[in-house]
Structure formats: C-alpha cells, structure tokens
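*Asks:*
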Amino acid sequence: RDFKGAVDPDWCPGCGDFGVLNSLQRAVAGLGLQPHQILTVSGIGCSSNLPGYINTNGMHTLHGRSLAVATGAKLANHELTVVVTGGDGDGYGIGGNHFTHTARRNIDLTYIVMNNQIYGLTTGQISPTSRDGMKTKSTPFGSVETPINPITSAIMNGASFVARGYSGDVRHLTSLMEQAIQHKGFALVDVFSPCVTFNLDNTHNFFKDRVVKLEDEEHDTSDWKLACEKAMAWGDTIYTGVFFQVPDAPVLNRREPVLDDGGPLAFRKLGLSEDQAQGIIRRMM
Ligand code: SF4
Numbered sequence: 019r020d021f022k023g024a025v026d027p028d029w030c031p032g033c034g035d036f037g038v039l040n041s042l043q044r045a046v047a048g049l050g051l052q053p054h055q056i057l058t059v060s061g062i063g064c065s066s067n068l069p070g071y072i073n074t075n076g077m078h079t080l081h082g083r084s085l086a087v088a089t090g091a092k093l094a095n096h097e098l099t100v101v102v103t104g105g106d107g108d109g110y111g112i113g114g115n116h117f118t119h120t121a122r123r124n125i126d127l128t129y130i131v132m133n134n135q136i137y138g139l140t141t142g143q144i145s146p147t148s149r150d151g152m153k154t155k156s157t158p159f160g161s162v163e164t165p166i167n168p169i170t171s172a173i174m175n176g177a178s179f180v181a182r183g184y185s186g187d188v189r190h191l192t193s194l195m196e197q198a199i200q201h202k203g204f205a206l207v208d209v210f211s212p213c214v215t216f217n218l219d220n221t222h223n224f225f226k227d228r229v230v231k232l233e234d235e236e237h238d239t240s241d242w243k244l245a246c247e248k249a250m251a252w253g254d255t256i257y258t259g260v261f262f263q264v265p266d267a268p269v270l271n272r273r274e275p276v277l278d279d280g281g282p283l284a285f286r287k288l289g290l291s292e293d294q295a296q297g298i299i300r301r302m303m
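Numbering (full-length UniProt numbering), first residue to last: 19 to 303.
#1: What's the gap between the Cα of Val264 and the Cα of Arg122?
#2: Could you tell me the distance, in whole angstroms, from the CA atom of Pro158 to the CA atom of Gly90?
#3: Out of Glu292, Asp26, Asp150 and Ala45, point me to the one whose CA is closest to Ile56's CA.
#4: Looking only at DSSP bridge pairs, what is Leu57 linked to?
#5: By DSSP, does Ala245 sit in helix, in strand, or in coil?
#6: Of all the options Val230, Gly113, Ala177 and Thr221, which has the alpha carbon lying nearest to the alpha carbon of Leu191?
#7: Applying the 10 Å Cβ sphere with the 16-neighbour rule, what's the burial state of Trp29?
#8: Using C-beta distances below 6 Å, list every residue in its chain close to Trp242, excluding the 5 sequence neighbours before and after it, in chain order.
#9: Does the distance from the CB of Gly105 to the CB of Gly70 come in under 8 Å?
#10: Can you tell me whether residue 14 sits near the ligand SF4, meaning its C-beta is under 7 Å from at least one heavy atom of the ligand?
#11: Name the DSSP bridge partner or partners of Asn133?
#12: Quick one: measure Cβ to Cβ for Thr147 and Ile130, integer angstroms, because I've assumed they're closer than 8 Å.
#13: Smallest Cα separation from Gln200: which of Leu51, Asp26, Phe36 and Phe21?
#14: Within 10 angstroms of its Cβ, does Thr164 collect 16 or more other Cβ (buried), or is it exposed?
#15: Taking the alpha-carbon of His81 as reference, which of Ile72, His54 and Gly114 has the nearest alpha-carbon?
#16: In the DSSP assignment, the beta strand (DSSP E) including Gln43 goes from what residue to what residue?
Okay, here's the thing in structure tokens:
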C-alpha cells in the first residue's frame, strides 16, 4: 500500500527526518495497515510537518500538545492506530508535562521523537537534549544545562515500551517502529535524526561511528536498571534498540469500563431523537 503523501517534504537536503518518514511508511505498510486505520498527530517544528507527508489521517496541532490531542483521539476511538511524531523541543521541552503523564497513563500510542538535539525550525537554539557545552545561537559560550535523557525519563515515568533508533539505519528503525506500533501501551521511539543545518556536533558521521544495536549484545528488556545504564552511555558507544518493555502492562483505554462498554465513543449514538439531531445539524449549518 502506498503511504506516500501528496506533498513532498521541504526539509533541508540530508535532514535526518527523511529516514524517519521512510521508516514509518515502511513500518505501517509492513504491518498491513490501511491509511484510514491510522492517525498521525504532530506538534510544531520541522519534524512535526511529517503528517503532511504521509498518506494517513493527520493532525498538525499546537506546540507541545500533540500527546494531549492524540490521547483524546485514542480514547474516542481506540480502534485507531495512533502515531505521534515530533521533535525534542516540542516533545521534551514544551510538551514535557504531557510526555510524563501520557507515559504514566500508558495510553496505547506510539510516540516517535525526531531528536536532533536542537531547535531547527527557529534556526538553532539549544533544546532539552542539547549536550552540555554545546555552542548555539542562544548559547554562544556553550550550554550550561544538563540534557535530559528521554530513555531513562520514559522508563521512570512508566512507559511500557522504550526504544531508540538512528535515522541513518532505516531497516533497524523500521523494525523498532513495527514493534512499537504492535505494542499495547505507550511506546516511545526516540530517534537520532541529525539536523544538518544547525547542529554541527551531532552529525550523521558522529552517530555512524558510535551507534551499537542492543540486539547485537546480550540485553534483558525486562531489566529497567540495566536499560537505564545502557541508555546513559554517551561516548564511543551509544546504544540503539529496544531498551525496556513490559508486554502486558494495563493500558488506560482498556482499564476504563466506560470506554469499553459499547465500543469506541466515536461510533456510539448520541442518545438524541431524530428531531433533536436534525435540529442540531440545522443550527450548525
Ligand atoms: Fe532538518 Fe534542521 Fe533543516 Fe529543520 S533545519 S529541516 S531539522 S536539517
């Protein structure tokens, strides 16, 4: 099935986000999903333009609010496959609050964060994941802030599937996305997706030389302490892969009886008579 959108991306040539879009299109096609079964939701930023470039239902929402909108959509229609896409500034900065609470509620969403460790759309200021000492337009003497670690944060907040990919390895990233979408519960896929225009520290070459797949080593995805230890590695070795998973963690839209009785809210009758319904429609027109 063709998931190519009607509009071509206007990202800078070489932007890591191309690899993420490509991987997502392959993942949903590989899982046999149809465009109408998927909702792609984003916030604001270069990467948040992604729903415009993929052939699914899509919503481009407010800065940092994509997870809140996606939660509403999933609760209203839990038959939808809901994929949220965005960047590190949008998701871990402005949307940090929603990141915490969506993880602890274990809403059945897949959250793909194109983590380029900088604000790209606003032309190069430090983001929550920029490294200590990084010189940018907003930090000419180097960042004095400690970056957050999305992997350990997600695990501590209660996420039940936590992975990291690299946009330059499309085959591996596609596999991580497939696993995340199939997982029942909140699934984070944090992706190193280099901003080739404004982040000249964390480039494709930087990651190519360092990324090591967890699958190539012995790793126990049920061990949260080991997962955090490996997620903190930032040197000659930086791990990608599935760090942590709780396969059977209860998800909110399955625990809430009101949402399960009678099927998704989106398909239920409003309890109005035909006359009342027609009256509302007339007033709306
Ligand atoms: Fe990608 Fe950076 Fe260009 Fe934005 S500014 S499209 S993140 S390379």
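Just so you know, even glycine gets a beta-carbon here, dropped at the ideal spot from N, CA and C.
*Replies:* If we stick to the structure as given:
#1: 13 Å
#2: 41 Å
#3: Ala45
#4: Asn75 and Val100
#5: helix
#6: Val230
#7: buried
#8: Ile173 and Phe262
#9: no
#10: In the structure as shown, the chain starts at 19 and stops at 303, and residue 14 therefore has no counterpart that could be examined.
#11: Phe210
#12: That belief does not hold up - the Cβ atoms of Thr147 and Ile130 are roughly 15 Å apart, past 8 Å.
#13: Leu51
#14: exposed
#15: Gly114
#16: Element bounds for Gln43: not the beta strand (DSSP E) but the alpha helix (DSSP H), Asp35 to Gly48.
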